[in-house]
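Asks:
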Amino acid sequence: MSHDYTAIREEVAKLCAAFPGPYWQAKDKVREYPSEFVAALGEAGYLAALIPEEYGGAGLPLSAAAAILEEIQRQGCNGGAVHAQMYVMGTVLRHGSEEQKARYLPKVATGELRLQAFGVTEPTSGTDTLSLKTVARKDGDEYIVNGQKLWTSRAEHSDLMILLARTTPRDRAASRTEGLSVFLVDMKEALAAGTLSIRPIDTMMNHATTEIFFDNMRIPAANLIGEEGKGFRYILSGMNAERLLIAAECIGDAKWFIDKASNYAKERVLFGRPIGQNQGVQFPIARAYAQMRAAELLVHEGLARYEAGDNAGAEANMAKMLAAEASWAAGEACIQTHGGFGFAAEYDIERKFRETRLYQVAPISTNMILSYVAEHVLGMPRSY
Ligand SMILES: Cc1cc2nc3c(=O)[nH]c(=O)nc-3n(C[C@H](O)[C@H](O)[C@H](O)COP(=O)(O)OP(=O)(O)OC[C@H]3O[C@@H](n4cnc5c(N)ncnc54)[C@H](O)[C@@H]3O)c2cc1C
Numbered sequence: 026m027s028h029d030y031t032a033i034r035e036e037v038a039k040l041c042a043a044f045p046g047p048y049w050q051a052k053d054k055v056r057e058y059p060s061e062f063v064a065a066l067g068e069a070g071y072l073a074a075l076i077p078e079e080y081g082g083a084g085l086p087l088s089a090a091a092a093i094l095e096e097i098q099r100q101g102c103n104g105g106a107v108h109a110q111m112y113v114m115g116t117v118l119r120h121g122s123e124e125q126k127a128r129y130l131p132k133v134a135t136g137e138l139r140l141q142a143f144g145v146t147e148p149t150s151g152t153d154t155l156s157l158k159t160v161a162r163k164d165g166d167e168y169i170v171n172g173q174k175l176w177t178s179r180a181e182h183s184d185l186m187i188l189l190a191r192t193t194p195r196d197r198a199a200s201r202t203e204g205l206s207v208f209l210v211d212m213k214e215a216l217a218a219g220t221l222s223i224r225p226i227d228t229m230m231n232h233a234t235t236e237i238f239f240d241n242m243r244i245p246a247a248n249l250i251g252e253e254g255k256g257f258r259y260i261l262s263g264m265n266a267e268r269l270l271i272a273a274e275c276i277g278d279a280k281w282f283i284d285k286a287s288n289y290a291k292e293r294v295l296f297g298r299p300i301g302q303n304q305g306v307q308f309p310i311a312r313a314y315a316q317m318r319a320a321e322l323l324v325h326e327g328l329a330r331y332e333a334g335d336n337a338g339a340e341a342n343m344a345k346m347l348a349a350e351a352s353w354a355a356g357e358a359c360i361q362t363h364g365g366f367g368f369a370a371e372y373d374i375e376r377k378f379r380e381t382r383l384y385q386v387a388p389i390s391t392n393m394i395l396s397y398v399a400e401h402v403l404g405m406p407r408s409y
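So, in structure tokens, the structure goes:
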């Protein structure tokens, strides 16, 4: 396998060719989940890229998953519908028991079980995760969960959910970051029992995101992942991988916008010459390209550090921020280059423009990344 995964990228591009712009526009119009696309990626094995071979996955490194997601975005598709099936299982893989791994991962690898719901954010805590209010109370060999999650994406298209809930009241926890625990929730079972309900949220792009309510939901104690009270640490440990993968998606988006903009600038003739002959049109595209390449270098640096087992926190955060800003700059240049046509749904630019905007806010907003860099890299005083 070549270092830049040329063969994988070519295969992903071929698969994506069966899902052109009109497919995504039709789904976007009625906010329908792209089930056919998800099924095709699953059958081809891409969603099991990060699951070790012993559990039926491809056992590929993070950089291969990044190449897959980048290519999906570069081809104009929307990886937001599938990326979580690739990496949410990481919490089970890293912190689950042998029994949990053997029970769930092979089925996640085949797609028989969809594990792509990740319940962390809540209405009143948001970015301030340690203030979350969903409570899991131990009752014999079960936990009883009450509370609410917000923005739990793909919940309607998932069998399992990774849930972060408070198991020890904040004032009785051993430290600021203790007292939260991670559970693997069988959503189908809880839905059938009527103890979990899902409400879709209508959003500016097609993202299948929801609000979830827990009403005395019972989870077997065996579904606790790792040690009780250590959940915040487990969730944090997966964040660098997630940030690098989202950054790779943004790089793919930026490349899609830049190709589209530069091609149009060469073809559209006004005042007797291609609009791309005007530097006012060229420069924003060229600047976006430079921004994208710089961000791409940092994504590669982050992936290399991650795969070497080094702390990739600074690079993963900065790569995510810069890549999300680069894709936005590229989207902005692409719309502007297309003039009025940029707003027409059939050109597909406005859809990608809406989709790529998310990544400056989720899974972590730019301000929180700057705060990380200021405090953890530059050693400035903590702000919260
Ligand atoms: C479409 C979509 C899908 C999502 N999917 C999921 C999911 O599957 N699972 C999940 O758990 N979450 C999900 N999220 C939630 C996402 O991770 C959060 O929206 C994000 O972390 C920001 O939290 P918030 O929306 O509560 O904003 P808030 O925390 O309320 O912050 C609002 C603004 O204030 C800024 N801010 C807050 N505190 C500070 C500070 N101390 N200094 C400077 N600025 C600050 C933030 O940067 C932000 O810009 C999703 C969100 C969206 C929109």
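Residue numbers for the sequence shown follow the numbering used here, so the first one is 26 and each next one is one higher.
Beta carbons are placed, not taken as given, at the ideal position from N, Cα and C, and that holds for glycine.
#1: Please report the straight-line C-alpha distance between Y331 and G297, rounded to a whole angstrom.
#2: Mapping DSSP to helix, strand and coil, what is S88?
#3: Beta carbon of I76, beta carbon of V37: below 8 Å?
#4: Please enumerate, following chain order, all residues with a beta carbon closer than 5 Å to at least one heavy atom belonging to ligand 1.
#5: E123 to R376, Cα distance in whole Å?
#6: In chain order, which alpha helix (DSSP H) runs of at least 4 residues are fully inside the segment 163 to 218?
#7: The beta strand (DSSP E) that contains T419, what's its start and end?
#8: Considering R258, what are the terminal residues of the alpha helix (DSSP H) in which it resides?
#9: Check whether the segment 285 to 295 touches the segment 199 to 219, taking contact to mean three or more Cβ pairs, one atom from each stretch, closer than 8 Å.
#10: Alpha carbon to alpha carbon, how far is A134 from E252? Give it in angstroms, no decimals.
#11: Does the Cβ of E292 have 16 or more other Cβ atoms within 10 Å, making it buried, or fewer, making it exposed?
#12: First and last residue of the alpha helix (DSSP H) that includes M242?
#13: Would the beta-carbon of F239 fall within 8 Å of that of T154?
#14: Which one of Y58, K52, Y71 and Y48 has the shortest CA to CA distance from A32?
#15: What's the call for I310, buried or exposed, on a 16-neighbour Cβ count within 10 Å?
#16: Can you list, in chain order, the residues of its chain whose CB lies under 7 Å from that of P388, leaving out five sequence neighbours each side?
#17: If A354 sits next to A313, beta carbons under 8 Å apart, how far is it from one beta carbon to the other, in whole angstroms?
#18: In the DSSP assignment, find the alpha helix (DSSP H) that holds P47 and state where it starts and stops.
#19: Between the alpha carbons of T149 and R179, how many angstroms are there, rounded?
#20: Do you know whose CA, among A106, V55, Q98 and Y30, lies nearest E67's CA?
#21: Who are I250's beta bridge partners in DSSP?
#22: Just the C-alpha distance for D335 and Y384, rounded to the nearest angstrom, thanks.
#23: Only counting the same chain, and skipping five residues up and downstream in sequence, which positions put a Cβ closer than 7 Å to that of L138?
#24: Could you give the first and the last residue of the continuous beta strand (DSSP E) run that contains R224?
#25: Return yes when the Cβ of I250 is within less than 8 Å of the Cβ of V168, no when it is not.
#26: How would you call T6, buried or exposed, if buried means at least 16 neighbouring beta carbons within 10 angstroms?
#27: Which residue marks the beginning of the beta strand (DSSP E) containing Q141, and which one marks its end?
#28: For a test of the three-state rule: what should DSSP assign to A43, helix, strand or coil?
#29: Alpha carbons only, please: which of W49, C359 and A344 is nearest the one belonging to E19?
#30: When the Cα of G136 is compared with those of A65, L188 and A161, which residue comes out closest?
#31: So the alpha helix (DSSP H) R360 belongs to, where does it begin and stop?
Replies: Reading off the structure:
#1: One C-alpha to the other measures close to 52 Å.
#2: For S88, the secondary structure class from DSSP, reduced to helix, strand or coil, is helix.
#3: The answer is no: Cβ separation not under 8 Å.
#4: Qualifying residues, in the order they occur: F143, V145, T146, G151, T152, W176, S178, H232, T234, A387, P388, S390, N392 and Y409.
#5: About 42 Å.
#6: Assignment of alpha helix (DSSP H) within the segment 163 to 218, counting only whole runs of 4 or more residues, yields 212 to 218 in chain order.
#7: With the chain running from 26 to 409 in the structure shown, residue 419 is simply not present.
#8: Start and end: G256 to S262.
#9: Taking one beta carbon from each stretch, the segment 285 to 295 and the segment 199 to 219 have fewer than 3 pairs nearer than 8 Å; the two do not touch.
#10: Rounded to whole angstroms, the separation of the alpha carbons of A134 and E252 is 25 Å.
#11: By the Cβ neighbour-count rule, E292 is exposed, with fewer than 16 other Cβ atoms within 10 Å of its own.
#12: Counting along the chain, M242 sits inside no alpha helix (DSSP H); it lies in the beta strand (DSSP E) bounded by residues T234 to P245.
#13: The answer is no: Cβ separation not under 8 Å.
#14: Looking at the Cα atoms, Y71 is the closest of the given residues.
#15: Around the beta-carbon of I310, 16 or more other beta-carbon atoms lie within 10 Å, marking it buried.
#16: The answer, listed in chain order, is E267 and I271.
#17: Between A313 and A354 the Cβ distance is about 4 Å, and since that is below 8 Å, they are a contact.
#18: It spans G46 to V55 - the alpha helix (DSSP H) in which P47 sits, taken as one unbroken run.
#19: Roughly 21 Å separates the two Cα atoms.
#20: Correcting the residue type first, residue 67 is Gly in the shown sequence and not Glu. Looking only at A106, V55, Q98 and Y30, the smallest Cα-Cα distance to G67 is reached by A106.
#21: I250 pairs with V207.
#22: The alpha-carbon atoms of D335 and Y384 are separated by roughly 25 Å.
#23: Taken in chain order, the residues that qualify are Y129, K132, D184 and L185.
#24: That run of the beta strand (DSSP E) goes L221 to P225.
#25: Reading the sequence as shown, one finds Tyr at residue 168 and not Val. Not closer than 8 Å, so no.
#26: Since the first residue of the chain shown is 26 and the last is 409, residue 6 is not available in this structure.
#27: Where Q141 is concerned, the enclosing beta strand (DSSP E) starts and stops at L140 to G144.
#28: Correct three-state label for A43: coil.
#29: Any property of residue 19 remains undetermined from this structure, which presents the chain solely from 26 to 409.
#30: Per the Cα distances, A65.
#31: Inspection of the sequence shows that residue 360 is occupied by Ile rather than by Arg. Start and end: G338 to H363.
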